[in-house]
Structure formats: structure tokens, C-alpha cells
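Have a look at the structure below, then the notes.
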Amino acid sequence: MPQFSGLRYTAAMPHAIDVQDVSFGWSSQALLLNHCHLQIPAGEFWMLLGRNGSGKSTLMKLLAGLLLPQTGYVHIHQPVGFVFQNPDQQLVMPTVGADIAFSLTNQGLTSTEVRLRVQDALATVNLSGLARRPIYALSGGQKQRVAIAGAIARHCEVLLLDEPTSLLDPESQQELLANVRELVTQRGMTALWVTHRLEELEAADGAVVMESGQVIEQGPPSQLKHIQEYKLSQACC
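According to this note's numbering, the sequence shown is numbered sequentially starting from 14.
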């Protein structure tokens, strides 16, 4: 095992996300993540599940580079896009187009290149023609798609989504799920999506189950016994 901790960013590896022996906590007596191991293949759509307090959000923040591991390391393809549970916490500009363009600040692009990237990103998330729409006038689902469009405009390799459908109505949930599935299939992005909704697993290539700060299972959703047991417990209640 490595004797240091940190983040490593590289595209020369088969897994878009590779977490090895990662631990994190605000004190050594209260670890939020405890020797986690996780591998997500490049170009696949995976789900991350676990009960409240299992460590999902902490793991996502580590993957996004918002926190640094205390032990172990994280390999992850760059750039990384992070979509919050509440899009109002990350959309900072007054209009759709301005917000996406803002994500391209300091990219060294010309104004024409920025405009073309914004147009392409909006078309990809089915929001063409809304560049001048005020952010406040959007639905919750549209706001989430604007956040995703920002990641597309930056040509992100990995998309992290922290319970993106939790505040959406059922129709918007399905639209967003289908949109991300399409991004993975057509653009080759890698997506890791945190969810409590087991029906969303139907769109996933794989799933990860967390419990008490550890990854306890990962693989095809149909083969994970903890998911099957959880489905049975829900059906009985």
C-alpha cells in the first residue's frame, strides 16, 4: 500500500476512477471513510448507494478534489464535473448562457470558441435556444441540466452527480437520468451518480454499495446481494 495520501490525475489508466485504501475523517477517532477501495471503468455509468451517513457524500467530495484523503490515494481522469443535489448552490450567473460560459473562465478560449462550446453543451442537454433564459425562470430539472452543460462545455472526462434527482418531479427525474445515460453512451464520459432510488439502477452499468464508511460491494447491479436484500426489505414493508 502507498505510504502517502493525495490525488493523482491521469488519463493513462483503464479506470476513470481508482480509489485505493482511502480514509478520511475530521479526527482519527471518527473516520467518515475507512480504507475504501473503488474502481470505475472509463466510459461507464455507475450508481453509488448507501444509507444516510454511510460516507457517500464524503467520497464524492474526495473524488471532486474538495477534500484530500488522509491515507491512500485517488486516481481520476480530468477534468471532473460535479453536479450538486441542489443546483441553486452552483449556478452563479443570471442567465443560462452566462453561467455555462463562466465555467470556461481561464480556459484560454476565444469568444467564438466559448460561444460554440456553450451552444454544443446546450444542444446536448436539450436546452437549445435557452441561452438568454434567466436562471430563476428554469425548472429544477432544467437547472440540473445547465449544471451538466457546464461540465460538457469544459470537456469533462468524469461527471459526479450527488443525488441529482432528489428534488425533482418524476418526469424530470426520468429525463435527467436518460440525459446522463446518453452522455455516457454517445460521448464516452464516465458518470458516478449517488441515489436512493433503486429503479434508477436499470440505467446503470454498475453499482457501488457503501456502509459505515466502507465500500462493501461493487459490480453489476443484478449481482450485488446487498441491493437484492434491500429490494426485498422494501417489498416487505
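Built from N, CA and C at the ideal position, the CB exists for glycine as well.
The beta carbons of arginine 145 and glycine 110 sit closer together than 9 Å.
Out of Gln42, Leu45, Glu57, the CA that lies nearest to the CA of glutamate 170 is found in Glu57. Exposed is the label assigned to valine 105, since fewer than 16 other Cβ atoms lie within 10 Å of its Cβ. With respect to the C-alpha of serine 179, the residue from Gly142, Glu213, Val138 having the closest C-alpha is Glu213.
A distance below 8 Å between beta-carbons, with the five flanking residues on each side excluded, links arginine 210 to the following residues of its chain, in chain order: Thr178, Gln186. Partner residues in the beta bridge of valine 93, as assigned by DSSP, are Val171. Selection Lys238, Leu237, Thr108, Gly226 evaluated against histidine 50 yields Gly226 as nearest (Cα-Cα). When the alpha-carbon of aspartate 101 is set against those of Val87, Gly154, Pro92, the nearest one is in Gly154. The beta carbon of glycine 94 is closer than 6 Å to those of Ala164, Cys169, Leu172 in its chain, skipping five residues each way along the sequence.
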